[in-house]
Structures are given as C-alpha cells and as structure tokens.
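Following: one structure in structure tokens, then a few remarks.
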Amino acid sequence: MEQVIANGLYLGAQYALIALGLTLIFALMNVLNFAHGQMYVLGGFITYTVYGQLGLPFVVALLASGVTLAVIGALMEKFLFRTVIRRSHREESTMLLAAATAFFFDAVILLLFGEKQRGVPKIVKGVFNDAGIIMPYDRLVVGALAIVFIAAFVLYMQYSRVGRAMRALAQDRVAAQLMGVRVDRYSMIGFAMGAMLAGVVGGLLVTITGVNSGIGGPISIKAFLMVMIGGAGVVGGAIAGGFILGMMESVGLTVLREYGDVTYLVIFAALMVFLSVRPNGLMGKPWG
Amino acid sequence: MINRRSTLKSMALGAVSTLAIAAVGISYAQAENKELKIGFVGVTSGPAAAWGTSNVRSMQTRAAWINETGGVKIGNDTYNVDIVTFDDQKDPKRAIAGMEKMAQEGVHYVVGPNVDDGAAAVRPVAEANGIIYFPYAFPKALYQKPASNAVLGMIANYQSGPAIYKYLKENKGVKKIAFVAANESDPLSQRDGGVEAAKALGLEIVAQNDTYQNDTRDFTPVLTPIVALKPDLLVLSGVAPANAPLLIRAARELGYEGLISTETAQDAKVLEEGAGEYANGFISVGGASTPEIASDTMKEFVTRYTKMFGEYNDESNTKVYALEYILDTLKANPAAINDVAEFKKTMDTFSAPNPFLKGDAKLGYVGTTSFGQKRQLSVPMVVNEYKDGAFQTLFVGSVD
Amino acid sequence: MTLSRNIKIAAVVVFLAIVFIAVPAVISASGRFDLYYTLTSVALLSIASAGVWLTFYIGRINIGQGAYALMGGYVSAILVMNHGWSFWLTLPVAGLFCAAASVLIGLPILRLRGVYFAMVTLVLTEVARLLALALPITNGAKGIVSIPLPGALSVFGITLIPDFATLQNSRLAFYLLAVTLMVACFAVMYRLVNSRIGKLCQSLQQNEELASSIGVNIAYLRVIAYAVSSFFGGVSGAIFAAISQSIYPSSFTVTDSVNFMLNCFLGGLGYVFGPMLGTLVLYFGWDLLFQTGQFQLLIYSGLMIVLMLVLPNGLLSLAEMTRKKG
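Rendered as structure tokens:
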C-alpha cells in the first residue's frame, strides 16, 4: 500500500504541473486550450533534441523548451486568440481555433520529429528501495522538481506585480481594466507563461516517459479532467485536481483490478457523479 | 475587406498549386511504363501513426526500388508501381471512405487497415468492388467464409502466442504468466487469445484483468500489483510500440525479474531510447531483418528505406511482404491484374522464392488451420530477443 | 429572417432538387461513385452535429454526442443480430433509446454549465466506449460484425423500400436514406427553433436565471432539447453501423465527439443550417486534400486557422456580413 500511495503522489505531482498551465490560460482568457498537450509534446521534443541528441546539459534543454514555448504562446495570443476573441459573438468560438492549432501542432511535430516514440538517457541512475517503497531516483528528482516549480509558480502569482495583475484579470476582466491593468499585455504574458509551463513539464517528463508525436491530444484531455475536478481557472484547484486524479488512478488500478476491465470505467463514472454533485469542481469559479 | 479578399485569394492559389504539383508528380511517373496502382488504407497520423507509417513507407521504398530498376514485368507488360495512400486516422468511418476512394481509383489490391474495427468496416466495400485487402488485424471472421476478400498480412497473435509460450515453458522454465493490455479492442482481443493459449499449455495465469488507458504515460501504478505476484512471464498483449519501452522500464524499476514478451512487432531504436538495458531479453515478433536470416535483398531494402526516410523502423520487417506477395501473385497469373477472382484462384497454388530470407524459403498462402481457407500470407514467424540495441533471432517457426 | 416567404420556399425546392436529383445525376455522369459514401457520411454526421448544435442553442457545449451515436449503433446492431428485428424498426428505437438514456443522464448533468458541461460530456463519450468494452451484451472488444444490410420495408404488402442486399447500388440507397433523414432532421430543427419553445431556448442561452424568474421551466426545456439532440445522435450511429455492417467500441470516440462540436463552430452557432455546412466543409476538406499526402493534416489545420481568423462566427456569418455591407 505504501507503494501505491507513493505512485499516486508522484503521478499527482506530474499531473498537477501539467494542469497548471492550462488553468492559467483558462483563468485569464476563458480559453480552453486544446493545444496544451501538443505544447507539452513540443517541449518534450525540444529537450529530446537539445539534451538527447546534441548532448547539452539537461538544464539548458529545459530552458530551451520553456523559452521556445513561451515565445510560441505569446505569438499565439497576439495573432490568433486576441483577434478571434475580439471579433466573435460567443467566446466558446475559441475552442475551434484552439482545436485547429492543436491539429496544426500535431502535423508540424509529426513532420519534424517522425512517428516514433523517443527517449533520452536517464538523468540519474539507480533505484531507491527501502521501507516497502521502490522509486527510481530520477522519478524522485523529477517529482521534487515538479513540486519546486509548482511552489515557485504559486509564490510568483501571489507576490509578484505580474502575478497580482494576472489574478486581478482572472477575477474580473472589466474591473481590472478600469483599475489600470493593461489587459492585452497581461493576457499575452499569461498565455506565454501557460505555454512555457507546458513546455517545461514536457521537457522534464521526457526523461521518465519519453515523448511521441501522437500523445498531445490525450494529454490535453487528461489535463482538462484534472482542471475540472479541482475547479476551472483556480490554481489551487488544478493542483488538487492533479493529485486527486493521480491518487485515483494509482489506488483504483490496485483495488479494482480483480473486477476485470472496469478500472477506468469506475474512475470516469465517479468523476461524472462528482461533477453532478459539485457543478463547479472542488473550488472553481461559477460559470455564466 | 481587401485584406480578407487577398487572404482568400492566396489560399485558393496555394490549394491549386499544391494540387498541380501533385498532379505533375503523378504524370511524371507515368512517363514510360504502364502504371500499376496498389492502395494503402491505414493510420499515418495521431497516436497510432507508427503502425501505418512503417507500413506505407515499406511499400513506398519497395515501389521506388522497383521503378528505379525498370519496373515489374507482369504478363507482356512492364509496370511502374504507384502506391496510392489514404490516411484513415484510425477511424473506421474514414477507412470506408478510403476503400471507396481506392475503388474509384481503380485499385484492386489494398494493404491495410491496421486495426480490427477498420478492417471489419471496409469489408462490404471491398467485396462489392472487387478489392483484395491485406489487413493487419486478427479477428478470424475477416478471413473465414463467407468473407473472402481479406488476406491476413502477418502472423496472428493466436498463432505466435502459443509458440512463444511453449518455447519459454520448455526452455526457460516459465510456469506463472501474467497479461496486461490496453483497454481497446485489438489489445483486449489479443489478450483473450493469449490467455486461452496459456491455459491450453497448462500455465498458471496469475493476472489477466489488468488494463490501462492507451494514453497512459506512467505505467508504475498499472504494474505495481502485477509485479507483486511475481510471474515468470509478463505478456504485453497488443502493445503499441510507443508504450512497450515504458512498460518494460516501469516493470524492471519495480524489481521485476522475469521475462517480458509481446506478439506484436517492435522497433529496436525505440526500445533502446526508452528502456535502455532494461529492455535486454525482451521478446517480440519480428520479420526478416535480423542478421541471422536476412538476405542481401532485405539488407538493401533496409538501406534504401533508411536513405529515403532518414531512419529505418523495425516494425517494417513484418510489413515488407504484402506488396511482394501482390506483385508475385500477379506475375504468376497476369489475368488477376483487374480480376480478383483470378487472384483468389492463384492463391491456392501459388509459390515463389522468398527474396527477403537467406536460404530457400518460399512465399505462399496459408491459413487453412486457422481460417479453413488460404487467406494468410506465409511469412516466417521470427521470434526475436532484444539485446543491446538490436534484435537477435530466438527461433523461427511457421504457420500452416 | 429578412427573406420573404416565397424566396424561402424557392430555396428549399432548389436544395431538395440538388440533393435528390442533381447530385445523383452528376455522380453517375462523372463516374465518381466514391462520392456517394462521402456525401452519405456528411449527411449522417451533420445529423449528429445538428443535435450538438441544439445543445449549443440552450447554451451548453456538448462534447458527448459520440456516446449517443455509439449507443444508437449498438442498439440497432443488437436488435438486428440477437433478436432478428428489421433494421427499419431498430432505427427509431435506437433514437428513442438514446433519448431516454439522455433524459436519465441529462437530469443531473444539465445543471452544469460552460466548460464543466463540456468536460462531463467528454467523459461520457469515454464512459460509453468503456461500457461497450465491458458489457456482455455488446460482445466486448470483438465488436459485432457481419450485420446484414437493411431488408425490405413493406406496409400492407406494398414494398416501400426494397431489400438493400438485392440492390445494384446500395451506396445510392444509403445516400438517399441519409439525405432524406438529414432533410427531415433540419426541418424539425428549423421548426423547433422558430417555435415558442425555440424562443424560450434562446432565452436560456442568454440568461438562465432571468428566464427562470419569469416563469420558464428551464429544467424541462433543457432536458427536452438534450433528448432531441441525443435522438439525432442515435439515429446517425445506427445507420453507420448498417453501412459498415459492423460496430466496435471504437466506432465513435472522443475524436468524433470533438468533431461534431467543431462542425457546429465552423458552420456558425447562430445558424440552424450551420452544422450541415460545417460538416460538409470539414469532412470534404479532408477528403479533397487526399492528394497532398503527408502534408494533408498541416494544410487542413492551417486552412482551419485562417478560416477562424477570417470568419470567427462561422461560415454562414459571411452571408450576414455581405448583407450588412450591401
């Protein structure tokens, strides 16, 4: 059982980090970014190229992933989402744009990096094995890094000037604008940060699970689930959602395995029931 | 408004010029010889892109090679081979559209689809339009009467599975076996077949209900309870090449010491990058490229493939055969070129040398035992073991 | 709604003439018989998309239509295979079954809004797939295969529809069936949207609390709209099962659910006929780009982005824009 909980915690940390970027973009712009998973994949491939192929230090690779994705995110906001949001009658219309960019990224990634699963050399070798818990060291490192990133992000949002402006924006766009927050600028920064988070976590996880060009869509969907569990557009919610989903999978796969192929059926059905009871997730802002 | 109009205009221009380029490309190939169109309907985008891509590329490589060396002589005419491809996005509804497209293009021989549901969905179209197709899907209903237009392109799991388990039982002392599969049609069907085979061999099945979502990236939670049961053999039923190294690595890191095997084809490079030395000893089904058995033709095929697409994919080893079979059968009976009834007649007696294997191996149609009619390509059942970045042949079997 | 009544009738007549007479004539003249299936698909997918549009109309983003299409396919396939029913009888039954199921599912989840409803319906699609894998009646992973083609339909000894298996060209028959249903479906939609209920639904889209406070029974309206939507999904799924003569748990997946939604966006959420046009463009667009090989997805998605930038309110907003300008 210790092992199951350890698995769940590790999975939760990595899920929470994936969900953070998605929820940030949603909070600021009410955009459900279907391309989040593709950004993650792109970040993974950049780290794969820089660290795995060119042999540069892992930190450099991670930085390259983050910076590239931040630039892409900023451009996407400025030239695509801003235009469409301004001109469309219903803000859900951005979902089509997001889906189209997701397909576009899929196509580009497939053309650039091919159809194969890719992986990089381990960053740390060896396996921790004590007190009934088995955990490879590289997972421990990645898990710890994930928690550091999450903490840094929360602190940044809480105390920095940019973070405060973005929180104001998320709470009430119009009021923030009246108070002199430059909405366009912070939307762009927020989108860039969300994309950067996706890129960094992609780069981080390529050391454990590798990356391939087709997983973007499924990752996006998984990230949506976590965000919904915790409550859309709330940083705390994304973190909670990530850990809850991680724990549910880990425990569910162990406890329900005797009953046949129903583990995920139960997890998803439970999720539907949960959302019916709590229509805004754990701590989400009400919609409408 | 001007802006918008010019955008639309340039879009239209772009589309037209792309089509023009495509059209020029096709007419260029037509220059001298007659043209023989062979179709491909399968998945070349999305999460399962690797299956179809390795498939279509092996066809394109072979076709380019044949055309470069003057084409293929069938009857009195010499043909250039043109591969017509359709990406079905792993959607059975699209696969039907693809098969319709093939019928429209006058194609009578199609390789694919790559999955069970697609292969079942295209059957009505193929039978109505006189198309023989070569799916990489295992359901027996596709190949048994009254179905008659599908020919299984590789060794099915219910043929290789029993052979592998038997070999491991006798040579490696395997007694306890565990299965894990993705919760999708193809892997689950393969798992059920594997469980049956293991039962028949008298192996103790310690786990058979464990499933995972195909988008799983971290397999530790899935494997934790299975590893605790200490099986001697862990079977990754119908595992996607992308997931295989992740499963292997997770199992080994959890301290699993038994054997791991699968009945699908894998890629050595993917295993090396994803699992490193943990993948040593991993058993999978291969085709023809291991050094022990590959002929010079096969070696040249690999070289040409690598040159054409930058990197070889070992999954293609099991997929070089379909095109070769189509062409060789047509050579044996030129009347079949536009008439699949003739092709079916020839299938019962067809025999030709296998160019990809050393020695005097033969190409021929089999499947009588499994399907009651000859609706399977006879390809060698090569069982491989992964070792330090390459596959080694463990044993070679055959199917009748 | 500025068109006069006569113009509207003329437009309908022209449309019917195109789909029932001109299209088959052009296809047989040009020999492009593969277009029958493509257009059949467009018609069926646009029926399912119409359902999604209807849920948009009550202000809900529905990414769960794949679940009902799958359900409808299985209901029809199981009734035909296990109980020997005629396909023609299973068609409405499949729709009604889905409508009934959607009432049960809809009652709790229709209280959700925005992305939450979107997400929960997306999960529903996955639940439907996993149920199809796990339930004994669906034959699990092996799917249901070798389903016979639709048989003859006769009433009082008069054959209304011949046995599809005896037809020379079952593709044409499926095409006619699909477009007939599509016309019926959009007629119902048009009627619904322009009725009193339609106006009430529109009020839900804007402000549910306000609608509720002036005495609109919002829960009832939502469930009705969702049930109609699911009925459409079920019918289209049942016909797909008949065409492919097989159904698998993966016959309709999350990708399909997402595509149904995208069809509505592309056509335009403000226009009843939006889903039809959106489906035509998205589905046909992919097929037309068939020549471009490995760049197919790149060009396809690139064009989609451009379209979205130019016409963020859907293709049909083009007509409105020109009208405003003129």
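Residue numbers (UniProt numbering), protein chains in the order written: chain S, 1 to 288; chain F, 1 to 400; chain C, 1 to 326. Beta carbons: idealized from backbone N, C-alpha and C, even for Gly.
N- and C-terminal bounds of the beta strand (DSSP E) containing residue i
| i | result |
| --- | --- |
| P136(S) | 133–136 |
| Q168(C) | Unbroken run through Q168(C): none, as it is neither H nor E. |
| F128(S) | 127–130 |
| F134(F) | 132–134 |
| E204(F) | 204–212 |
| G314(C) | Element bounds for G314(C): n/a, residue is neither H nor E. |
Nearest to residue i (by Cα), restricted to the options the options
| i | options | result |
| --- | --- | --- |
| M247(S) | G236(S), R90(S), G12(S) | G12(S) |
| V285(F) | A137(F), D87(F), A156(F) | A156(F) |
| F224(S) | N169(C), S86(C), G114(C) | G114(C) |
| L104(C) | S195(C), V223(C), D34(C) | V223(C) |
| S244(C) | L152(F), E100(F), G397(F) | E100(F) |
| P275(C) | L210(C), E208(C), M182(C) | M182(C) |
| F45(S) | V183(S), L204(S), I123(S), F153(S) | L204(S) |
| R22(S) | S276(S), V235(S), Y264(S), V148(S) | Just to set this straight, residue 22(S) is Leu in the shown sequence, not Arg. The shortest C-alpha separation from L22(S) is found at V235(S). |
| L15(S) | G230(S), F104(S), A270(S), F268(S) | Here residue 15(S) is Tyr; the residue named in the question, Leu, does not match the sequence. The shortest Cα separation from Y15(S) among G230(S), F104(S), A270(S), F268(S) belongs to G230(S). |
| V243(S) | V227(S), V84(S), L112(S) | Note that residue 243(S) is Phe in the sequence shown here, rather than Val. For F243(S), the nearest C-alpha among the options comes from V227(S). |
Cα-Cα separation between residue i and residue j, rounded to whole angstroms
| i | j | result |
| --- | --- | --- |
| K37(F) | G287(F) | 25 Å |
| G52(S) | Q205(C) | 51 Å |
| A132(C) | Y175(C) | 28 Å |
| V43(F) | V19(C) | 31 Å |
| G202(F) | D210(F) | 21 Å |
| Q202(C) | I150(S) | 42 Å |
| A27(S) | P249(C) | 35 Å |
| F231(C) | Q376(F) | 42 Å |
| residue 360(C) | L54(C) | Residue 360(C) cannot be examined here, being either before or after the span of chain C that is shown, 1 to 326. |
| A19(S) | K176(F) | 40 Å |
| A141(C) | L56(S) | 46 Å |
| P136(S) | F191(S) | 34 Å |
| V235(C) | I247(C) | 14 Å |
| K8(C) | L16(C) | 12 Å |
| K344(F) | F164(C) | 26 Å |
Element boundaries [alpha helix (DSSP H), containing residue i]
| i | result |
| --- | --- |
| L247(F) | 244–253 |
| D296(F) | 296–309 |
| L259(F) | From DSSP, L259(F) is part of no alpha helix (DSSP H) but of the beta strand (DSSP E) over 259–261. |
| K37(F) | Premise fails: K37(F) lies in the beta strand (DSSP E), 34–42, not in any alpha helix (DSSP H). |
| E68(F) | 49–68 |
| A390(F) | Note, A390(F): premise wrong, no alpha helix (DSSP H); beta strand (DSSP E) at 390–397. |
| T224(F) | 220–228 |
is_contact[residue i, chain S] using C-beta, thresh 7 Å
| i | result |
| --- | --- |
| N384(F) | no |
| T369(F) | no |
| T85(F) | no |
| L89(C) | no |
| A29(F) | Reliability fails at A29(F), whose pLDDT of 48 lies under 50, so the model's placement of it is uncertain and the value that follows must be treated cautiously. It does not; no Cβ of chain S falls within 7 Å. |
| L269(C) | yes |
| T220(F) | yes |
| L76(F) | Looking at the sequence shown, residue 76(F) is not Leu but Asn. It does not: the Cβ of N76(F) has no partner Cβ on chain S nearer than 7 Å. |
Close Cβ partners of residue i (< 6 Å) along its chain, the five nearest in sequence each way excluded
| i | result |
| --- | --- |
| Y256(F) | V227 |
| T138(C) | Y74, A132 |
| L247(F) | F219, L236 |
| G52(F) | G42, V43, T44, N114 |
| R257(S) | none |
Residue i at chain F interface by Cβ criterion, 7 Å
| i | result |
| --- | --- |
| Q168(C) | no |
| A141(C) | yes |
| G233(S) | no |
| D34(C) | yes |
| G126(S) | no |
C-beta neighbour in chain C for residue i, strict 7 Å
| i | result |
| --- | --- |
| Y90(S) | Note that residue 90(S) is Arg in the sequence shown here, rather than Tyr. It does: the Cβ of R90(S) has a partner Cβ on chain C nearer than 7 Å. |
| A13(S) | no |
| L275(S) | yes |
Cut-off 8 Å between Cβ atoms - residues of its own chain near residue i, not counting five sequence neighbours on either side
| i | result |
| --- | --- |
| V60(S) | V50, Y51 |
| P162(F) | A197, A200, L201 |
| F128(S) | I134, M135, P136, Y137, L140 |
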